Structures are given as structure tokens and as C-alpha cells.
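Asks: In my numbering, the protein residues as written are 2 to 608.
Heads up, the beta-carbon is just placed ideally off N, CA and C, and yes, glycines get one too.
Nothing here was measured: the structure is a model prediction, and the numbers come from that model.
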């Protein structure tokens, strides 16, 4: 079967998937002027340099140079093939693809595809057993005692793996799976006596999906005394606990809408919160928050509210998570529970409204939490410990950018320890000056400054180079201008990449395509050309252009081309003279070349 997708279908899919909406599922975008900006998902940054233009349906990062349209964005970020991207976007917009496109290409290995398929079948099986079969009654009763409704069980596709020894293996074998492959990835267990059993037997199943909603593993909880109490799928390329967040795929839209995310420690915390109406929540996979997870959250949202258990281990984990999130650039708040409670228990005891009002909405700032957290390490009845505590807090305050926020906490220290505000401010100023990012003018280094330098540096180009870039931008937006340039210059541009771009552009228009930057980028195969075109369009402002301006650009380009052509011609003559053992002629030609190069350089400086 063919995987060819007609151009008109690709174009319909691209137009019905607004680039701002699609990228907004991955990056927190904020409108500034006509464009949207956010943190680049392709490289690590703390200040937004990633720009999306809705008008032209393209994106560009001024930091790393990545650029393209909605299709290239998904191919680059997700590692999708072209066919996978088209299928994903078609599903996203409800477009039916032609029946000829039935064989899905995939960047995944055949083994990974088999694993995903196995998880898909097992998810359906376990959920059916839990909801409708006597084999799942035990799991169903357990979840009901935990306060979950049937609707919630359906939303999270919760399931139960039966205790029957060969049930799951027999089921998968009948579906055509090679059991040995499933043993290797930890879905099944071989006991060495030719008995193959379900690794998760007798446990409630929590399907774990990646950020696009594909089930890539299971979390399983024992309900009959098995050990360990919680069991996850084995680590693999598909299932990496350090990179996944439970419920992230379903929470994304709610996170965007409310512009904050609640971070929990466990599956049941998320599920109970969801049932109580708190739907912008995710959880780690039974492990500490990682740098990768913190950066993922920052791409989507500024504010993270941590709601961990209120025991000592939970408080320690809160501090570690908060530190990572702050390093990633997040605004961190901490939801504080009564000692010994966890979010799920609190909701079951006091209700969802109380949890939202008294815990989430009453969350404290990181500094307030930190100052309380820190006190456990000091004997505050001792003057020496008091001073050390204050100095430790001041070092943390020195990292805050807001002078108002700093003064607020200084006032707290002043009142609690009877210290003068002047002495606290002097001490704080000393710590601020030790900050590696501190500058005398009070400003900090930022990626924005670096980005501006990049853009400025790229503008310091020879007149002919700028003329070519400007002309290409107008050609991309106007077929008439392209026809004029083709007639007068053809492909006689001086920069090799520009020659290739205009050649593609001539062919693009001759094929009957409209003046559409995003569509043109989609027709290019070379990634570097896609990025170059995107960068030009995003950095060069277009306005109404006169015939005189176009003619001026053409003149500058032609003169440079003629000068370079003449110099190359002289170099060929020089080489012939050298081959004919005529050093005098070769020397004369060399002088001509030098004079011509000086002339070109002088003209460039005058321009």
C-alpha cells in the first residue's frame, strides 16, 4: 500500500492545525506584538527566544536557529516520520485520510511497536475486567473503597490484572505476540519451568501514557499484601520514569487554561484531585523530580504548586523538587497539609472543595516554605545558630530578582530576630554582589541579551548579502516580484544557499502554489534551508516595496555577481599563465586581481 499523501490533503491538514495551537501544546506561548514567544523546546534556555508567527504559520528560535512550519516542528520535536506527523495532525483536526494511507511509517523499532501494541491490548483487557468481569471484582471493590467513581475509572482507564497464572500470556499469544519478546521487556515473567505469568498479576493497573497519549507502561498497586506494594514497568526507551509525568497528556489543556500546574507524588493523588475538580495535576513516577521533568513543566507553565505528603520524607522531597524547579525558572509555591496527611487522604476526609480552598489556594511561596524548612537544622534558642540561620536565608534571598519580595522577607527576619533593617540590607547587598550574574548596573545576564547579540551579528553583512536576503523575503510573499527577479537575475545570486532557495521558489510557483511561506517551507527537504528561510522571514520586516527598491536590490546583487565572476575569470587566466611557465603574465594578472578585490571591498564599505 502506498504512503503517498496528496499535496492538497497535506495543505488541508496544515491549514486546519493552527501552529500556535499545536506548539501551544508543547510550549507556554505569550503574545508580544504580532508574534508569540516562549522557551525553546529544542535547547535549554531560561529567557524566551522561541517565536511563532500566526500570520505566516511558522516558528523560529533566535537562540538555536531551529525553524519551520507545524509539520517540521512535530517531526523535529517528536521524531515522527512525515506520515506519522500527517496522521497525528489529521486525527487532531478530525480529517479523514485517504484509504491508500494504511501502512503507518514509524520512527520506532519493530520491537517497540510490538510493545506499544501489547500495552494497548492489555490496557483494554485490564480495564474491561475491572469494570465488567468477576475476574476484576477485587480490584473494582478496592478502588470503590478509595472513593473513586465509575466515570473516574473510565477516564484513567484503570484496570485489574487477574491472578490466573496463564491468563494474560494466553491472551497475548492469541493476539499474535511473541511471548519471549514480552518477557524481555518485563510485561511477562518466565519462572524457568516453562510457566509464563503476568508480572502484574493480582494488582490494580494504572496505565502510564506519554505526553501524546500513547500508553508506554503500567504502574501497578498490590491490594492483597504482595511486595513490593508498587510495581512499575521495566525501564526502556519507551518507558523512562525520569522523563515521564503521570497524567501529563490529559492535564496539558487544563495547565494552559489555568496557567499553573499541581505536582503530586502519586497516582492516587492525581486521580482523587481530578475527581474533585483539580484537573491541572501531574505526578512523578514514585521517584524524585528530575531536571528533565522540571524543564518540561517550565516549557508549559510558569507556576508550579508542589503538593507532597506532609511527613518528613515528603517535606524533604518538596525542598529538592522546589530547588530543581527554581533552577528551571519556575515560580514555585508549596501546598501545606496537616502533619501526616497526603493529598488523597485529605480529599477523602475533608472533600475536594476544602482541598482546593484550604490547601491549593492557600499555598505559600518558596521562600516562606524554605524559611520554615531550614529551621529544623538550627537550634534557634542559640544566638550562634540564629545568626547562621539568618545568613543562610540571606544567601537565598540574594537569588530573588524582586526587590519588593526581598524586602518582605527581610521584614520577617527583622521582626523575628530583632535585627535592624539597615544591617540586614547591607549583608544582603554583599551576597547579591557575589552572585555570578550580578552587574554594576543592577542587570543580570540573560538569554535575551545573547539573543539580541545573535540577531545583531547576523545583520552585519555585506550590502549584497542583505540585498539577497531582503529580496528573497519579498519573493516569498509575492509571485509578481519573483517573476521579475527570475527574468532579470535567474539564479545569479552570490550566496550558494540563496541560489538554491530561489531555484526552489521558481519551481514552487511554476507548480501553481500560492505565496505561502509555511507551505513553501514544507516543500523543502533540506533542514538547513528550512531554518534559513524561517530565520530570514522572522527577522526581516516586510513592508510595501516599490519598483525602485526592487531594482536597487537587483542592481546590488548583479554588480557583486559580475565582480565575483570577473575575479574568477582572472584567476583562471592566472592559472593558465602559471601552467605555461609565464611568471610575468601571471604576476600582472595577480595585480589585476588584487586591484579588483580592493575595488569590491571599497564599494562594500561605501554601501
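To the nearest angstrom, how far is it from the Cα of residue 405 to the Cα of residue 302?
Replies: When rounded, the separation of the alpha-carbon atoms in residue 405 and residue 302 is 23 Å.
Asks: So who's on the other strand from residue 31, going by DSSP bridges?
Replies: 38
Asks: Going by the beta-carbon positions, is the gap between residue 221 and residue 206 smaller than 8 Å?
Replies: In this structure, residue 206 lies closer than 8 Å to residue 221 by Cβ.
Asks: Confirm, please, whether the CB-CB distance from residue 283 to residue 233 is below 8 Å.
Replies: no
Asks: Hey, out of 30, 409, 218, whose CA is closest to residue 395's CA?
Replies: 409
Asks: How far does the alpha helix (DSSP H) with residue 128 in it extend, from its first residue to its last?
Replies: 111-133
Asks: Could you pull the start and end residues of the beta strand (DSSP E) that residue 202 belongs to?
Replies: Where residue 202 is concerned, there is no enclosing beta strand (DSSP E), given that its DSSP letter is neither H nor E.
Asks: Give a yes or no on whether the C-beta atoms belonging to residue 339 and residue 333 are separated by under 8 Å.
Replies: no
Asks: Where does the unbroken beta strand (DSSP E) through residue 218 begin, and where does it stop?
Replies: For residue 218, the uninterrupted beta strand (DSSP E) run begins and ends at 216-223, by DSSP.
Asks: In three-state terms, what does DSSP make of residue 546?
Replies: coil
Asks: Measuring alpha carbon to alpha carbon, tell me which of 297, 476, 227 ends up nearest residue 47.
Replies: Checked all of 297, 476, 227; the closest Cα to residue 47 is 297.
Asks: Residue 273 and residue 229 look like a contact to me (Cβ under 8 Å); what is the Cβ gap, rounded to whole Å?
Replies: In fact, because the Cβ distance is near 22 Å, the residues do not count as touching under 8 Å.
Asks: Who are the Cβ neighbours of residue 17 in its own chain at under 7 Å, not counting the five residues just before and after it?
Replies: 94, 96
Asks: Is it buried or exposed, residue 268, if we count other Cβ atoms within 10 angstroms and call 16 or more buried?
Replies: Counting Cβ neighbours within 10 Å, residue 268 comes out buried, since at least 16 surround it.
Asks: If we call anything under 8 Å between Cβ atoms a contact, is residue 477 one with residue 498?
Replies: no
Asks: Tell me which residues share the same chain as residue 618 and place their Cβ nearer than 6 Å to its Cβ, disregarding the 5 neighbours each side in the sequence.
Replies: Within the shown structure, residues of the chain are numbered from 2 to 608, placing residue 618 beyond reach of any answer.
Asks: Rounded to whole angstroms, what's the CA-CA distance from residue 494 to residue 558? Just pull it up for me.
Replies: C-alpha separation (whole angstroms): 7 Å.
Asks: Suppose you measure from the CA of residue 162 to the CA of residue 508; what does that come to, to the nearest Å?
Replies: Spanning the two alpha carbons is a distance of roughly 58 Å.
Asks: Is it right to say residue 200 is buried, meaning 16 or more other beta carbons lie within 10 angstroms of its own, or is it exposed?
Replies: Buried.
Asks: Which of the three DSSP states, helix, strand or coil, is assigned to residue 266?
Replies: Assignment of residue 266 by DSSP, reduced to helix, strand and coil, places it in the coil class.
Asks: Taking only three categories from DSSP, how would you classify residue 208?
Replies: strand
Asks: So, under 8 Å CB-CB, residue 213 and residue 250 are touching, yes? Tell me the CB distance rounded to an integer number of Å.
Replies: At roughly 6 Å, the Cβ-Cβ gap stays under 8 Å, so residue 213 and residue 250 are in contact.
Asks: Expressed to the nearest angstrom, what Euclidean distance is found between the alpha-carbon atoms of residue 412 and residue 129?
Replies: 59 Å
Asks: Could you please give the first and the last residue of the uninterrupted alpha helix (DSSP H) stretch that includes residue 188?
Replies: For residue 188, no alpha helix (DSSP H) segment is defined, and its DSSP state is neither H nor E.
Asks: Return the chain-ordered ranges of every beta strand (DSSP E) run that is complete within the stretch 42-112 and spans a minimum of 3 residues.
Replies: 51-54, 59-62
Asks: Which whole-angstrom value describes the C-beta separation of residue 72 and residue 523, a residue pair presumed to lie in contact below a C-beta threshold of 8 Å?
Replies: 6 Å
Asks: Would you mind working out which of 25, 55, 40, 23 sits nearest residue 34, comparing C-alpha positions?
Replies: The candidate whose alpha carbon is nearest that of residue 34 is 55.
Asks: In terms of residues, what are the limits of the beta strand (DSSP E) holding residue 282?
Replies: In this chain, the beta strand (DSSP E) harbouring residue 282 covers 282-284.
Asks: For residue 541 versus residue 474, is the C-beta spacing smaller than 8 Å?
Replies: yes
Asks: From the DSSP secondary-structure annotation, give me the bridge partner or partners of residue 305.
Replies: 262, 333
Asks: Between the C-alpha atoms of residue 12 and residue 242, what's the straight-line distance to the nearest angstrom?
Replies: 37 Å
Asks: Name, in chain order, the residues that DSSP records as bridge partners for residue 161.
Replies: 205
Asks: Exposed or buried, residue 347, counting other C-beta atoms within 10 Å across all chains shown (16 or more means buried)?
Replies: Answer is buried; the Cβ neighbour count reaches 16.
Asks: I think residue 124 touches residue 160, with their Cβ atoms under 8 Å apart; what is that distance to the nearest whole Å?
Replies: 7 Å
Asks: What runs of the alpha helix (DSSP H), each 4 residues or longer, lie entirely inside the stretch 486-548?
Replies: Entirely contained in the stretch 486-548, the alpha helix (DSSP H) runs reaching 4 residues are, in chain order, 497-511, 518-524, 528-540.
Asks: Would you tell me roughly how many angstroms separate the C-alpha atoms of residue 304 and residue 324, rounded to the nearest one?
Replies: 14 Å
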